[in-house]
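Here the structure comes first, spelled out in structure tokens, and everything after it is commentary.
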Amino acid sequence: MQTYFYALAEALEGMLTGGEVFTATFHAETSDFVRFNRGKVRQAGQVAQAFLRVQLVDGRRQAVAELGLSGDAATDRARLGRELARLRGYLPELPEDPHLLYATEVRSSERTVGGELPSREELLGAMAMAAGERDLVGIYAAGPIYVGFANSLGQRNWHATSSFNLDWSFYRDGDKAVKCGYAGFHFDRSVLERKVHNAARELEALGRPAKTIPPGQYRVYLAPAALAEVLALVGWGGFGLKAHRTKQTPLLQLVEGGATLHRGITLYEHAAAGVAPSFDAAGYLKPDRLTLIDGGTYRECLVSARSAKEYGVPPTGASGEESPESLELLPGTVGPDQVLSRLERGVLVGNLWYLNFSDRMRCRITGMTRFATFWVEGGEIVAPLNVMRFDETIYRALGTQLLGLTSQAELLLDADTYSRRSTRSARVPGALIDDFTFTL
Amino acid sequence: MHNELEGRFREVLPAADFCSLRYLEQDDEVIGVRQGVVQPVTTGHEAGAMITVVRRGGLGYAATSDLSTSGLRRAVEQAADWADRTASRAVTDFSRVPYPAPRGSYASPVERAFADVPLREKLDLLRETCDALQIDERIVDSSATLWVTTVRSLYLTSHGGRVEQQYAYLAPMLQAVANQGTETQSRTLFGRAACEQGGFELLGRLAFAESATGVAEEAIALLSAPNCPTGTFDLLLAPDQMILQIHESIGHPIELDRILGDERNYAGTSFVTLDMFGSYQYGSPLLNVTYDPTVYGELASFGFDDEGTAAERAFVIQDGLLLRPLGGITSQTRAGLAGVACTRAASWNRPPVDRIGNLNLEPGDATFGSLLQRVERGVYMSTNCSWSIDDSRNKFQFGCEQGRLIEDGRLTRVVKNPNYRGISATFWRSLVGVGDRETVETLGSPWCGKAEPNQVIRVGHASPACLFTGVEVFGGAG
Numbered sequence: 218m219q220t221y222f223y224a225l226a227e228a229l230e231g232m233l234t235g236g237e238v239f240t241a242t243f244h245a246e247t248s249d250f251v252r253f254n255r256g257k258v259r260q261a262g263q264v265a266q267a268f269l270r271v272q273l274v275d276g277r278r279q280a281v282a283e284l285g286l287s288g289d290a291a292t293d294r295a296r297l298g299r300e301l302a303r304l305r306g307y308l309p310e311l312p313e314d315p316h317l318l319y320a321t322e323v324r325s326s327e328r329t330v331g332g333e334l335p336s337r338e339e340l341l342g343a344m345a346m347a348a349g350e351r352d353l354v355g356i357y358a359a360g361p362i363y364v365g366f367a368n369s370l371g372q373r374n375w376h377a378t379s380s381f382n383l384d385w386s387f388y389r390d391g392d393k394a395v396k397c398g399y400a401g402f403h404f405d406r407s408v409l410e411r412k413v414h415n416a417a418r419e420l421e422a423l424g425r426p427a428k429t430i431p432p433g434q435y436r437v438y439l440a441p442a443a444l445a446e447v448l449a450l451v452g453w454g455g456f457g458l459k460a461h462r463t464k465q466t467p468l469l470q471l472v473e474g475g476a477t478l479h480r481g482i483t484l485y486e487h488a489a490a491g492v493a494p495s496f497d498a499a500g501y502l503k504p505d506r507l508t509l510i511d512g513g514t515y516r517e518c519l520v521s522a523r524s525a526k527e528y529g530v531p532p533t534g535a536s537g538e539e540s541p542e543s544l545e546l547l548p549g550t551v552g553p554d555q556v557l558s559r560l561e562r563g564v565l566v567g568n569l570w571y572l573n574f575s576d577r578m579r580c581r582i583t584g585m586t587r588f589a590t591f592w593v594e595g596g597e598i599v600a601p602l603n604v605m606r607f608d609e610t611i612y613r614a615l616g617t618q619l620l621g622l623t624s625q626a627e628l629l630l631d632a633d634t635y636s637r638r639s640t641r642s643a644r645v646p647g648a649l650i651d652d653f654t655f656t657l
Numbered sequence: 003m004h005n006e007l008e009g010r011f012r013e014v015l016p017a018a019d020f021c022s023l024r025y026l027e028q029d030d031e032v033i034g035v036r037q038g039v040v041q042p043v044t045t046g047h048e049a050g051a052m053i054t055v056v057r058r059g060g061l062g063y064a065a066t067s068d069l070s071t072s073g074l075r076r077a078v079e080q081a082a083d084w085a086d087r088t089a090s091r092a093v094t095d096f097s098r099v100p101y102p103a104p105r106g107s108y109a110s111p112v113e114r115a116f117a118d119v120p121l122r123e124k125l126d127l128l129r130e131t132c133d134a135l136q137i138d139e140r141i142v143d144s145s146a147t148l149w150v151t152t153v154r155s156l157y158l159t160s161h162g163g164r165v166e167q168q169y170a171y172l173a174p175m176l177q178a179v180a181n182q183g184t185e186t187q188s189r190t191l192f193g194r195a196a197c198e199q200g201g202f203e204l205l206g207r208l209a210f211a212e213s214a215t216g217v218a219e220e221a222i223a224l225l226s227a228p229n230c231p232t233g234t235f236d237l238l239l240a241p242d243q244m245i246l247q248i249h250e251s252i253g254h255p256i257e258l259d260r261i262l263g264d265e266r267n268y269a270g271t272s273f274v275t276l277d278m279f280g281s282y283q284y285g286s287p288l289l290n291v292t293y294d295p296t297v298y299g300e301l302a303s304f305g306f307d308d309e310g311t312a313a314e315r316a317f318v319i320q321d322g323l324l325l326r327p328l329g330g331i332t333s334q335t336r337a338g339l340a341g342v343a344c345t346r347a348a349s350w351n352r353p354p355v356d357r358i359g360n361l362n363l364e365p366g367d368a369t370f371g372s373l374l375q376r377v378e379r380g381v382y383m384s385t386n387c388s389w390s391i392d393d394s395r396n397k398f399q400f401g402c403e404q405g406r407l408i409e410d411g412r413l414t415r416v417v418k419n420p421n422y423r424g425i426s427a428t429f430w431r432s433l434v435g436v437g438d439r440e441t442v443e444t445l446g447s448p449w450c451g452k453a454e455p456n457q458v459i460r461v462g463h464a465s466p467a468c469l470f471t472g473v474e475v476f477g478g479a480g
């Protein structure tokens, strides 16, 4: 694939005229997807796709084409030629773009992470073992992912991984379920067996009669997957420079309104520890680590090339959405064996679901508990909890009411497959929070 | 191209119970102006095909952008391999599914094709519209954007089916963001839901450019508005909030694949069970909901779904009674229930599943004024901006861009950050007034997410204004 992409880039160079410049970003994958329901296969198949985003620049004018590629060199070169001609036809119609910015310093890079993926038969056998007599539902996604960048200045960047992401649930009754994940580069059946074993034990606890609590304020423990959902929502406009400068960031109260977070909250965009490509579509490389929040105080923004030009600050290699791709929340001091005793009486939340802002400018968030969520009394799990809606500001949950973060953070690899398999990740500990507000 | 593809498909047909090819070619164009600056014009073009093979009861698929005979042959081999390997492990015997062999075509109604409009004309319109949003220095961000998509598709089956469909979609978007101190408020044109099938003529019908100043004025007004009050009130919902209410608490709960459990790991399950169809009182007798892929120009209209079932209008709820699920031919076979033509895929590279499509709340006979007159103290909410619901599609909480108090039958003060919450299973029984045709808006969304692998798809919703009683309403945090 790398050779193919670089050959296309070379062909593009040959098609330029005058002072034209191009940047090109390549995304390709060959993925096996196997979808399960009740331990059986619902849909299984393979998707082979390749896309090229080409930006044509002439002086201060630009236009962009996003092309599906066939994989046949002659066909794709002809398609590129047509698209380039179309873009070239647009440029005289367009005004100069004051926010155009692309990397002019050539910084090439290459990262290839090989994987050991199971054969289809091994995978289906392993899943049959995992399901057993249980009600297993979920998705297996696996195969190579390729991301590349090239420009007419000679920069070449390549990021290739071969990975799998098994994202599944064991259901007991109704909506009572345990959510599980196993993702990485080397599939090890013994690891899967261990995860299945642990999940099965948790599933047993869901067999007890479920408890319903009235709306009110409760001490809660948000497991890493639950806290990651909160941070993901905050990341929807929370850290981007454009959202900050146009006063739309949900963290505006933190940045300008005198609100604070707990001093234990230190948040990074930690590209070096993630699995996403280290370059953006303008050719800028991401810093290894960027401090977003330090000890509860806001520090730096994620900056796309376009925002960098508009607001006159250096780019940080962020995409146009300026949202985190490799978020890391520093762990705290609560040991794993202290969680239940410190929670004492309250709610252990395994997962949160469908979060949104109920008051964006005050970073007040609503959402639902989901999957394994338990009522705890005397420091012990007593019963599974029926789903509850929460509505709470981040300034309370990760500020005044935060009792502590766990000492171990969990690496969560994003299982999203919208358009293509995600390379986002988050490294997040759990959080003990007092007087967390449930409303329905 | 279609005839060539058909020839290649017939050449590579495997020995199987059933095989289909679903080809899709898509062109996109996004043109926008933000803060007076023309954004990079972005065009898109892609083409690919999905082969589906059913053999010995198993089903496999393979998607490829290599449309040569050898490329399709490789895809057939991949799909057949998956069908064979999963035959004994499948959720159902897929050879029992009576896949139609459809013959026909469909085309979106287009008066002036977007591609025929010169770029300069589009840019001029967007510049003027964006300028009209800049009414005040407190407007700190403004944008006017057009997203146009054309799709040409071909569906072929091994037993003689052949369907050609052409779609033209338009998603126009306007946004004004107003700020003063640490207060920021946004208004949009119908919450980015003014999406339909058609051409450039839609912008005139929508009064796209003419709406800009009003959108900006409303954003400014929200800056000094008090928070929406907290309490139990009568709630009048505008169509651009009703579409979200219909989508989340009727559409998704009655998807048949969700009820069968397919979505439990991702989009969730449902409080609706198979035994409820035909007997469950979903809402008050005023509630009438149709699934209708035949509505002229609505966003999710089509001639045939992606398993070849012909489009047909059907009541899913009539006089408040739940009648039938949103389930295509595969789900209908699995569940033994009648459904609708609703199996769709986001693109050539995703397999079709049950999707909402056009789900419309039928108008009643109340004028907007008469709905207001029935309210002594209540809130009128417009334009969805926040949506959250539990995985069984029951406990919901939704927020709107703008609220207006209703006092003694009249609209009075503007209030900000209006939210309300409820439970689907009981909420629709509090429907006490349904607006007439004059209050109906036909809207849609290009962003309905579901399925594993994930798919985002277009849905259409038409609704009148509707009045609910005894709803828990509240405002912002400060």
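So the protein lines, in turn, are chains A and B.
This note's numbering puts the first residue of the first sequence at 218, with every later residue one more than the last.
This note's numbering puts the first residue of the second sequence at 3, with every later residue one more than the last.
Beta carbons are placed, not taken as given, at the ideal position from N, Cα and C, and that holds for glycine.
Around the Cβ of residue i, are there at least 16 other Cβ atoms within 10 angstroms (buried) or fewer (exposed)?
i        : result
B:Trp449 : exposed
B:Thr292 : buried
B:Tyr268 : buried
A:Val451 : buried
Start and end of the alpha helix (DSSP H) containing residue i?
i        : result
A:Lys459 : 458-462
B:Thr385 : Run containing B:Thr385: none in the alpha helix (DSSP H); it sits in the beta strand (DSSP E), 379-391.
B:Trp84  : 71-88
A:Tyr180 : Given a span of 218 to 657 for chain A in the structure shown, any question on residue 180 of chain A remains unanswerable.
A:Val251 : From DSSP, A:Val251 is part of no alpha helix (DSSP H) but of the beta strand (DSSP E) over 238-254.
Among the options, which has the Cα closest to the Cα of residue i?
i        : options                                : result
B:Gly359 : B:Gln199, B:Thr271, B:Gln404           : B:Gln199
A:Lys464 : B:Ala195, B:Gln187, B:Gln41            : B:Gln187
A:Tyr501 : A:Ala589, A:Arg562, A:Ile362, A:Ala320 : A:Ala320
A:Gly424 : A:Gly647, A:Thr656, A:Gln219, A:Asn603 : A:Asn603
A:Arg296 : A:Leu229, A:Leu341, A:Gly360           : A:Leu229
A:Met232 : A:Ser369, A:Asp554, A:Thr483, A:Thr586 : A:Ser369
A:Val599 : A:Cys580, A:Leu565, A:Val408           : A:Leu565
A:Asn573 : A:Thr583, A:Gly567, A:Glu419           : A:Thr583
A:Gly567 : A:Leu657, A:Arg613, A:Gly455, A:Glu419 : A:Glu419
B:Ile319 : B:Asn362, B:Thr234, B:Asp118, B:Ser107 : B:Asn362
A:Thr483 : A:Thr514, A:Ala648, A:Ser386           : A:Thr514
Report the rounded CA-to-CA distance for residue i versus residue j, giving the unit in angstroms.
i        : j        : result
A:Asp392 : A:Trp570 : 13 Å
B:Arg12  : B:Ser22  : 10 Å
B:Leu262 : B:Arg114 : 43 Å
A:Lys459 : B:Leu445 : 29 Å
A:Ile510 : B:Pro231 : 34 Å
B:Val112 : B:Val150 : 13 Å
B:Arg10  : B:Thr66  : 14 Å
A:Arg462 : A:Ser536 : 17 Å
B:Lys397 : B:Arg189 : 26 Å
B:Leu15  : B:Thr54  : 11 Å
B:Arg326 : B:Ala427 : 16 Å
If you follow the beta strand (DSSP E) that residue i is in, where does it begin and where does it stop?
i        : result
A:Leu569 : 563-576
A:Ala261 : 257-275
B:Pro174 : 164-182
A:His376 : 373-388
A:Pro361 : 352-368
Can you name the residues that DSSP bridges to residue i?
i        : result
B:Leu61  : B:Val56
A:Arg579 : Answer by DSSP bridge pairing: none, since A:Arg579 is not bridged.
A:Ala394 : A:Tyr388
B:Asp356 : B:Thr345
Since residue i meets chain C, which of its residues come closer than 9 Å, beta carbon to beta carbon?
i        : result
A:Lys257 : No chain C is present in this structure, whose protein chains are A and B.
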